[in-house]
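Enquirer: Numbered per mature numbering (1 follows the signal peptide of the UniProt record, and there is no 0), the sequence shown spans residues -23 to -1, 1 to 306.
Ideal placement from N, C-alpha and C gives every residue a C-beta, glycine not left out.
All values derive from a computational prediction rather than experimental measurement.
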Amino acid sequence: MTHLRSLLAFVLLATLATGCVQGEGGAATPASGQLRLDYAYYNPLSLVIRHQHWLENELKGTKVTWVLSAGSNKANENLRGETIDVGSTAGAAALQARANGTPIKTIGIYTRPEWTALVVSKDSPISRVNQLKGKKVAATKGTDPYFFLLQALEEAGLRATDVEVVNLQHADGKTALERGDVDAWAGLDPLMAQSQVDSGTKLIYRNPAFNSFGFLNAREAFLTEHPDLAQKVVDAYERARAWIGAHPDEAVQLLATEAKLAPEVATVVLKERTETEISPVPGAEQRAVLERILPTLVRENQVRSEAEAKTALDSLFEPRFAQKAQASS
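#1: Suppose you measure from the CA of R183 to the CA of R250; what does that come to, to the nearest Å?
#2: For G64 versus T117, is the C-beta distance shorter than 8 Å?
#3: Could you tell me if S172 is buried or exposed, where buried requires 16 or more neighbouring beta carbons within 10 angstroms of its beta carbon?
#4: If contact is defined by three or more beta carbon pairs under 8 Å, each pair taking one atom from either stretch, is the segment 232 to 250 in contact with the segment 30 to 40?
#5: On the DSSP bridge assignment, give the partners of L14 in chain order.
#6: Suppose contacts are defined by Cβ-Cβ distances below 8 Å. Is V280 in contact with Q73 by that definition?
#7: Cα separation between R27 and Q108?
#8: Near F298, which residues of its chain fall below 7 Å by C-beta distance, leaving aside the five closest residues on each side in sequence?
#9: Locate the beta strand (DSSP E) running through Y214, then write down its first and last residues.
#10: Roughly how many whole angstroms lie between the Cα atoms of S292 and R276?
#11: Here's a check: name, in chain order, each residue in its chain whose Cβ is nearer than 6 Å to the Cβ of A76, leaving out the five neighbours to either side.
#12: Between G134 and G157, what straight-line distance do the alpha-carbon atoms span, to the nearest angstrom?
#13: For the alpha helix (DSSP H) holding E124, just list the boundary residues, first then last.
#14: What do you reckon, are the CB atoms on L145 and A153 nearer than 8 Å?
#15: For A195, count the other beta carbons within 10 Å of its own beta carbon; 16 or more makes it buried, fewer makes it exposed. Which is it?
#16: Using the rule of at least 16 other Cβ atoms within 10 Å of the residue's Cβ for burial, across every protein chain shown, is T88 buried or exposed?
#17: Just the Cα atoms here: how many angstroms apart are H224 and W43?
#18: Closest to L180 by C-alpha separation, out of P259, A129, D205 and E59, would be which residue?
#19: Are I61 and L14 closer than 8 Å when you measure CB to CB?
#20: For T(-6), which residues of its own chain have a beta-carbon under 6 Å away from its beta-carbon, when the five flanking residues on both sides are left out?
#21: Which of helix, strand or coil does DSSP assign to M(-23)?
#22: Name, in chain order, the residues that DSSP records as bridge partners for R281.
#23: Fully enclosed by the segment 177 to 202, which alpha helix (DSSP H) runs are 4 residues long or longer?
#24: Could you tell me the alpha carbon to alpha carbon distance between A94 and M169, rounded to whole angstroms?
#25: Can you tell me which of the three DSSP states R297 falls into?
#26: Since P90 and G191 should fall inside the 8 Å C-beta cutoff, what is the C-beta to C-beta distance between them, to a whole number of angstroms?
#27: With distances taken from CA atoms, which of E254, F124, L165 and A219 is nearest L271?
#28: So, for G222: in the same chain, excluding its five sequence neighbours on each side, which residues have a beta-carbon less than 8 Å away from its beta-carbon?
#29: Who are the Cβ neighbours of W162 in its own chain at under 6 Å, not counting the five residues just before and after it?
#30: For T244, is the classification buried or exposed, using 16 other Cβ atoms within 10 angstroms of its Cβ as the cut-off for buried?
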């Protein structure tokens, strides 16, 4: 009988131990065994963190996985599909995603960029936004260049339906413009600067106020389950901000290498059109930008409803991580 009791106790303990480390379907789910985040050529801080291996060196027991984001729309897709835990987008794209049901929070601000403008080929007769009526314009829906296009059209007295929006990923939009397949392109750096230098394309409309900030977003479930990892990421971003400030030429070279750009193109992007020395804390300044963009998103049916968009804006920011990182730095 004693032997039987011991055997039963052993089986019970083994079962409980297995339950602690197995997830649904029997897959192992260690409490904090992985961190998945994106890097993007439009987010220079992410390139620095990945290149320096800061997170890998500090989080020895955690598998750090990097996923390339080709645009805000791709970052949001990966956050929505739980492929990544932390992703970098433009502010307008973050608002649109949350308003349409993606459970994300903005935990930091990485840059204040002028990363988009309306671009035409070097021989194009188009020089003003109102001349785009009836024309083909390449843009990546769900990203800052697309929202920039909508605001620019509205300012010129046009609607999105007054142009033919050709939905292409950023690199494909650049190619389409240079081949003459479209009349204009809502461009994104560093591709936009590369096209200017290499192909002589022209920026016919610039407006820094229509560019929303660079937002660092995280899945809400990740923040609830692993706030310690979220803090490590935001801390690394502040370290990268300081590194770029202290090593501007090296930062340019890193961007050039990673994005396969000529150094002069990377210089335009990072030194002329990207401001990194800003507060990382999401707050009133970013909210003001999104409040200006929100009516355009509603009017062009980019969000499910105005009420949901306003609720999303009220609940988007989670500033505590950036506040702590800023205080520590």
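Expert: Based on what the coordinates show:
#1: 11 Å
#2: no
#3: buried
#4: no
#5: W43 and V63
#6: yes
#7: 43 Å
#8: I84, G85, A207, Q208 and V211
#9: Premise fails: Y214 lies in the alpha helix (DSSP H), P204 to A223, not in any beta strand (DSSP E).
#10: 21 Å
#11: V280, E285, A286 and A289
#12: 26 Å
#13: According to the sequence as given, residue 124 is Phe; it is not Glu. It spans D121 to E132 - the alpha helix (DSSP H) in which F124 sits, taken as one unbroken run.
#14: yes
#15: buried
#16: buried
#17: 23 Å
#18: A129
#19: yes
#20: The predicted position of T(-6) is uncertain, since its pLDDT is 38 and thus under 50; a value taken from the coordinates is nonetheless stated next. No residues qualify anywhere along the chain.
#21: Because the pLDDT of M(-23) is 45, which lies under 50, any placement of that residue in the model is unreliable, and the number read from its coordinates should be weighed accordingly. DSSP places M(-23) in coil when its eight states are reduced to three.
#22: Bridge partners of R281: none, in fact.
#23: 197 to 202
#24: 8 Å
#25: helix
#26: 6 Å
#27: F124
#28: T253 and E254
#29: V96, A115, G150 and L154
#30: buried
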